[in-house]
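First residue of the sequence shown? That's 1 in full-length UniProt numbering, and the numbers climb one at a time after it. We treat Cβ as the ideally placed atom computed from N, Cα and C, and that holds for glycine. Have a look at the structure below, then the notes.
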Amino acid sequence: MSSSLTKHRGLAAIEFVLISPLIIVFIAICADIGNLLVEYQSLNKAVRNGARFAVTEIYGTATAVDIAPISEIQNVVVYGTSSGGTEPILEGLTPEAVTVTAPTSIDTTLVVTAVYTYSPTFLTIPFLDIPMTIDFTASAVMETGI
């Protein structure tokens, strides 16, 4: 019996050493997927706020095709304020990545769209040099008139 125990001594430590890199990779992937979902939700929320700002921040007598200035809408999406800022809500998001389709007399819907490139923690797959960036596109539609 004692010879059987001495043969298995240290086997658990060797198994742990062999499996621990795989466990660490799985934990990192789970954390990165969580970060991806948070950034995607932040982009969607920013675009919704921009669309809402476009149709509510109109002063004076407004018609169904009047919206806030496009540069201010872009600033709300990127920086969170109409006056602009220095630090975007999402790192790498620029006002140029935000497009605003203004309403017309025929179609009174406003569309705000933003494109954002997500860069995960692991920028490439090891030894393959395959980039892992993902392009997110978020859109929000608002009616400007009745």
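Report the partner residues of residue i according to the DSSP bridge assignment.
i: E96; result: Paired residue(s): none; E96 is not in a bridge.
i: T113; result: T99 and S139
i: Y118; result: I134
Short check: CB of residue i to CB of residue j, under 8 Å?
i: V76; j: N49; result: yes
i: S119; j: T137; result: no
i: A140; j: V47; result: yes
i: A54; j: V98; result: no
i: T117; j: D32; result: no
i: L93; j: T101; result: no
i: D129; j: V115; result: no
i: S82; j: E91; result: no
Nearest-angstrom Cα distance between residue i and residue j?
i: S42; j: I89; result: 8 Å
i: V65; j: D107; result: 9 Å
i: Y40; j: G10; result: 46 Å
i: residue 234; j: A12; result: Since the displayed the chain opens at 1 and closes at 146, residue 234 lies outside it and no answer follows.
i: I19; j: L37; result: 28 Å
i: E87; j: G34; result: 22 Å
i: T63; j: P131; result: 47 Å
i: E96; j: F26; result: 36 Å
At what residues does the alpha helix (DSSP H) containing residue i begin and finish?
i: A28; result: L11 to T56
i: S105; result: First-last for S105: undefined, no H or E at that position.
i: V76; result: I70 to Y79
Below 8 Å on the Cβ atoms is my contact criterion, and I expect residue i with residue j to pass it. Report the Cβ-Cβ distance as a whole number of Å.
i: T56; j: P103; result: Rounded, the Cβ-Cβ distance is 14 Å, inconsistent with contact.
i: A68; j: I58; result: 6 Å
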